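Asks:
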Amino acid sequence: SAVISQKPSRDICQRGTSLTIQCQVDSQVTMMFWYRQQPGQSLTLIATANQGSEATYESGFVIDKFPISRPNLTFSTLTVSNMSPEDSSIYLCSVRAGGNEQYFGPGTRLTVT
Amino acid sequence: KQEVTQIPAALSVPEGENLVLNCSFTDSAIYNLQWFRQDPGKGLTSLLLIQSSQREQTSGRLNASLDKSSGRSTLYIAASQPGDSATYLCAVRGTGTASKLTFGTGTRLQVTL
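Line by line, the protein sequences are chains Y and E. Heads up, the first sequence is in the numbering used here, so the first residue is 5 and it goes up one at a time. Heads up, the second sequence is in the numbering used here, so the first residue is 5 and it goes up one at a time.
1. Output, in chain order, the set of chain E residues within a Cβ distance shorter than 8 Å of Y/Gly109.
2. Which residue comes first and which comes last in the beta strand (DSSP E) that contains Y/Ser98?
3. So, for E/Leu105: in the same chain, excluding its five sequence neighbours on each side, which residues have a beta-carbon less than 8 Å away from its beta-carbon?
4. So with CB distances below 8 Å, who are the chain E contacts of Y/Arg113?
5. Between the Cα of E/Ala13 and those of Y/Ser93, Y/Asp15 and Y/Gln45, spot the shortest distance and give me the residue it belongs to.
6. Within the continuous beta strand (DSSP E) that includes E/Arg112, where are the two ends?
7. May I have the straight-line CA-CA distance separating E/Leu23 from Y/Ser85, to the nearest angstrom?
8. Shorter than 9 Å from the beta carbon of E/Leu53 to some beta carbon of chain Y?
9. Please compile the residues from chain Y whose C-beta is within a distance smaller than 8 Å of the C-beta of E/Leu79.
10. So Y/Arg14 and Y/Arg113 are supposed to be a Cβ contact under 8 Å. How far apart are they, rounded?
11. Which class does E/Gly87 belong to by DSSP, given the choice of helix, strand or coil?
12. Please report the straight-line C-alpha distance between E/Leu70 and Y/Ile25, rounded to a whole angstrom.
13. On the three-pair Cβ rule with 8 Å, is the region 70-89 of chain E touching the region 29-37 of chain E?
14. Under 7 Å Cβ-Cβ, which residues of chain E neighbour Y/Leu47?
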């Protein structure tokens, strides 16, 4: 299994600013994922972040808006840039351990005013 | 494109009842299927993982079945308790090591006293 922590747990930000979310895993993992969960919705994959390579973004998500760093096998950051109220969501970090089961962090609840 | 649907969207049952949550998916070429639980405003907790070659998995009062050919999975909860109240999500992973999870819409369960 894997234990994942995220910082911050929640934040209220003003329109036009940026927020960087940190994800820390208690073990080395190859594949890390960032998801967004908009209010009342299910989860949508933003990007897959593998250490040593550029993140792979899903359709509808771009690097300029959601830059991701993956400096090592236990850590990643997601930045939400130039925020608007439509970015208000829960952002979740996830890892795949042992090649199979996926685990999720507690999430970062972002409110943009 | 894989699509995952969960029925019902919401369910309220009295404590002690046995219940079944349903998940269907359109593409039967899956690697595995995972059931998660999400409490309000929180991250996801993995409940059960079923590999594509398996028919069912059990953990305590939970039993998940998989019928890959028909594109269906069920989550059976025995002797429900108020602490089981949460949203239950199923997610399917496509074939290939880089494949992503596709999430269902979720079933919001309330177990009443």
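Cβ coordinates follow ideal geometry from the N, Cα and C atoms, glycine included. On a predicted model such as this, the values are computed, not experimentally measured, just so you know.
Replies: So, from the listed chains and residues:
1. In the first sequence, the residue the question calls residue 109 of chain Y occupies position 105. By Cβ distance, chain E contributes Gly47.
2. On the first sequence, residue 98 of chain Y is found 94 positions in, with the first residue counted as 1. The continuous beta strand (DSSP E) containing Y/Ser98 extends over residues Ser93 to Ala101.
3. Taking the second sequence and counting its residues from 1, one reaches residue 105 of chain E at position 101. For E/Leu105, where only same-chain residues beyond five positions count, the Cβ hits under 8 Å are Gln38, Ala95, Val96 and Arg97.
4. As a first step, residue 113 of chain Y must be located in the first sequence, where it is residue number 109. Residues of chain E passing the Cβ test: Gly45.
5. Taking the first residue of the second sequence as position 1, residue 13 of chain E is located at position 9. Answer by Cα proximity: Y/Gln45.
6. For the purposes of this step, residue 112 of chain E is identified with residue 108 of the second sequence, where counting begins at 1. Following the DSSP letters along the chain, one finds E/Arg112 inside the beta strand (DSSP E) bounded by residues Thr111 to Thr116.
7. Working through the second sequence from its first residue, we reach residue 23 of chain E at position 19. Working through the first sequence from its first residue, we reach residue 85 of chain Y at position 81. Our two residues, E/Leu23 and Y/Ser85, have alpha carbons roughly 43 Å apart in a direct line.
8. Within the second sequence, residue 53 of chain E is the residue found at index 49, counting from 1. Yes, its Cβ sits closer than 9 Å to a Cβ of chain Y.
9. Taking the first residue of the second sequence as 1, we reach residue 79 of chain E at position 75. The contacting residues do not exist; E/Leu79 stays about 16 Å from chain Y at best.
10. Locating residue 14 of chain Y in the first sequence gives position 10, counting from the first residue. Locating residue 113 of chain Y in the first sequence gives position 109, counting from the first residue. Between Y/Arg113 and Y/Arg14 the Cβ distance is about 4 Å, and since that is below 8 Å, they are a contact.
11. Position 83 of the second sequence, counted from the first residue, corresponds to residue 87 of chain E. E/Gly87: helix per DSSP, three-state reduction.
12. Stepping through the second sequence from its first residue, residue 70 of chain E is reached at position 66. Stepping through the first sequence from its first residue, residue 25 of chain Y is reached at position 21. The alpha-carbon atoms of E/Leu70 and Y/Ile25 are separated by roughly 36 Å.
13. In short, these stretches touch, since the Cβ pair count reaches three.
14. In the first sequence, the residue the question calls residue 47 of chain Y occupies position 43. Under the 7 Å cutoff, chain E gives Phe107.
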